[in-house]
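Asker: With the working numbering as the guide, the letters of the sequence shown map in order to residues 3 to 331.
Glycine included, C-beta positions come from ideal geometry on N, C-alpha and C.
Predicted model, so just to flag it, every value in this text is computed and none were measured.
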Amino acid sequence: MKSTPYGNSKSLIFAPMEGVTDEPYRMAIGKLFPEWDYYSTDFYRVPTVGNINAKRVHDHFGARTFQNEELRKKTTYQILTTARAQTEQVVQAVSELNVDHLDLNLGCPSKKVNAHKGGAYLLSDLEELKRIIRLIRSNFKKTFTVKIRIGYRDDSSFEDSLKLFEDEGVEAITLHARTRDQLYQGIADWEYIKKAVKLVNIPIIGNGDIWSVHDVNRMFDETDCHAVMIGRGALKTPWLATLFYEHQNNLDFISDEYLLDIRKDYLDLYFYELEKEYRKLGLDDHNILKRFKSFSRYLFDDYADGEIVRGRFLRSMKLDEFLSHLDRL
Ligand SMILES: Cc1cc2nc3c(=O)[nH]c(=O)nc-3n(C[C@H](O)[C@H](O)[C@H](O)COP(=O)(O)O)c2cc1C
Numbered sequence: 003m004k005s006t007p008y009g010n011s012k013s014l015i016f017a018p019m020e021g022v023t024d025e026p027y028r029m030a031i032g033k034l035f036p037e038w039d040y041y042s043t044d045f046y047r048v049p050t051v052g053n054i055n056a057k058r059v060h061d062h063f064g065a066r067t068f069q070n071e072e073l074r075k076k077t078t079y080q081i082l083t084t085a086r087a088q089t090e091q092v093v094q095a096v097s098e099l100n101v102d103h104l105d106l107n108l109g110c111p112s113k114k115v116n117a118h119k120g121g122a123y124l125l126s127d128l129e130e131l132k133r134i135i136r137l138i139r140s141n142f143k144k145t146f147t148v149k150i151r152i153g154y155r156d157d158s159s160f161e162d163s164l165k166l167f168e169d170e171g172v173e174a175i176t177l178h179a180r181t182r183d184q185l186y187q188g189i190a191d192w193e194y195i196k197k198a199v200k201l202v203n204i205p206i207i208g209n210g211d212i213w214s215v216h217d218v219n220r221m222f223d224e225t226d227c228h229a230v231m232i233g234r235g236a237l238k239t240p241w242l243a244t245l246f247y248e249h250q251n252n253l254d255f256i257s258d259e260y261l262l263d264i265r266k267d268y269l270d271l272y273f274y275e276l277e278k279e280y281r282k283l284g285l286d287d288h289n290i291l292k293r294f295k296s297f298s299r300y301l302f303d304d305y306a307d308g309e310i311v312r313g314r315f316l317r318s319m320k321l322d323e324f325l326s327h328l329d330r331l
């Protein structure tokens with residue numbers, strides 16, 4: 003019998019993030035913060051031309067994850083496709099790999115991807131959407147899920163798209179509660195997550211604007227969703243799942259002082275472990291520094307002088323200099 007996607011209930015999922023959640027990043031997070039129940043790869047973009055083979059897809063997802071049974075089982079493998087891309091060939095290639103869970107990215111707001119009828123665009127073209135969903139469903143026998151927004155330009159196809167997924171055998175839906183046109187503006191409207199939970203009989207994963215343990219509790223309480231997925235909040239607090247499992251029933255314990263205390267300790271560990279993983283991949287100081295700077299976007303928001311602190315890290319010319327600023331926190 004097939005298992006429920008993302009576990010039986012109330013899992014915490016580290017969201018797919020292009021430029022972040024590649025294999026070394028997932029390995030580091032998996033080691034430091036194993037409390038995350040699931041991780042996702044960033045998307046593999048299905049090409050329109052060129053030869054497809056399982057090795058190429060395998061290399062994108064990362065060979066070592068396939069050798070680590072615990073991580074492999076916790077990993078969702080994501081693809082992003084467009085109307086004319088070679089979806090069938092890629093899904094057949096994925097089927098040859100030891101992948102238990104395939105996810106289709108239907109939230110991507112990129113103009114280029116949308117112009118080629120891919121990502122969130124497909125939420126406005128239900129005929130094309132159905133064709134692609136059927137193609138994937140008929141070629142992939144294990145768990146197949148989608149990650150969506152509430153619509154493309156507006157929410158007019160919201161209910162129909164949810165029904166379509168359910169009817170076509172999609173096994174769970176992650177919902178980032180904004181339209182494509184909203185990008186990241188305003189606050190995600192969790193009412194849509196609540197509506198989706200009532201509308202279909204497959205698990206709904208709530209996503210959008212979860213930043214704290216309190217928000218995780220609130221998302222579960224307000225929407226009754228099956229699990230939650232956290233993106234920018236996980237970049238800001240990569241140990242959010244650890245905090246949740248330790249303190250979800252005692253929020254008073256999580257004072258601002260406590261959060262800053264553990265932030266300092268965890269940041270040391272975070273960058274130490276990430277550097278180790280990137281070295282294994284052969285990255286040099288320059289490229290590691292570039293990545294570390296890109297991870298710094300939300301990391302210092304909790305400090306009273308967060309912008310100044312972040313500026314120090316971002317102006318670092320050398321990796322050593324970047325790491326030395328950790329001692330000054
Ligand atoms: C830097 C970045 C990269 C992202 N890359 C992906 C991606 O590869 N696949 C995907 O489905 N969503 C991607 N997203 C969207 C997130 O997974 C998530 O749905 C969105 O950020 C909303 O959740 P949040 O409010 O918790 O950040 C990305 C988001 C960010 C910030």
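Assuming contact is defined by CB atoms lying nearer than 9 Å, are L131 and L164 in contact in what I supplied?
Answerer: Translated into the one-based positions of the sequence shown, residue 131 becomes position 129. Translated into the one-based positions of the sequence shown, residue 164 becomes position 162. One thing to note: L131 has its Cβ no nearer than 9 Å to the Cβ of L164.
Asker: Counting Cβ pairs closer than 8 Å, one from the region 176-187 and one from the region 209-218, do we hit at least three?
Answerer: yes
Asker: Considering only heavy atoms of ligand 1 and the C-beta of each residue, which residues fall inside 6 Å, strictly closer?
Answerer: A17, P18, M19, E20, G21, V22, D44, F45, Q80, N107, G109, K149, H178, N209, G210, D211, I212, I232, G233, R234, G235
Asker: Can you name the start and end residues of the alpha helix (DSSP H) that T78 belongs to?
Answerer: Here residue 78 refers to the residue found at position 76 of the sequence shown. Run containing T78: none in the alpha helix (DSSP H); it sits in the beta strand (DSSP E), 77-82.
Asker: Using 8 Å as the threshold, is the region 282-292 in touch with the region 321-328, meaning 3 or more CB pairs across them?
Answerer: yes
Asker: In this structure, what does DSSP give as the bridge partners for M319?
Answerer: If you number the sequence shown from 1, residue 319 lands on position 317. None, per the DSSP bridge assignment.
Asker: Is the region 271-285 touching the region 26-39, taking contact as three or more C-beta pairs under 8 Å?
Answerer: yes
Asker: Kindly list the residues whose CB is nearer than 8 Å to the CB of V218, restricted to its own chain and excluding five residues on each side of it in sequence; keep chain order.
Answerer: As a first step, residue 218 is located in the sequence shown; it is residue number 216 there, counting from the start. Closer than 8 Å at the Cβ level, and outside the excluded window around V218, lie L14, I212, V230, I232, L242, F246, Q250.
Asker: Helix, strand or coil, according to DSSP, for Y274 in the structure here?
Answerer: Your numbering for residue 274 matches position 272 in the sequence shown. Residue state, collapsed to three classes: helix.
Asker: Find the nearest neighbour of L261 within the set L301, G284, K295, H228, judged by alpha-carbon distance.
Answerer: The sequence position of residue 261 within the sequence shown is 259, counting from 1. The candidate whose alpha carbon is nearest that of L261 is L301.
Asker: What residues are listed by DSSP as bridge partners for S42?
Answerer: Numbered from 1 along the sequence shown, position 40 holds the residue referred to as residue 42. T78, per the DSSP bridge assignment.
Asker: Using a Cβ-Cβ cut-off of 8 Å (strictly less than) and excluding sequence neighbours within five positions of R86, which residues of its own chain qualify?
Answerer: Residue 86 sits at position 84 when you count from the first residue of the sequence shown. For R86, where only same-chain residues beyond five positions count, the Cβ hits under 8 Å are T50, H118, K119.
Asker: Nearest-angstrom Cα distance between I135 and F167?
Answerer: If you number the sequence shown from 1, residue 135 lands on position 133. If you number the sequence shown from 1, residue 167 lands on position 165. Between I135 and F167, the C-alpha separation is close to 8 Å.
Asker: Inspect the beta-carbon positions of V115 and L137 and report whether they are closer than 9 Å.
Answerer: Reading the sequence shown from its first residue, position 113 is the one you call residue 115. Reading the sequence shown from its first residue, position 135 is the one you call residue 137. No, they are not a contact pair.
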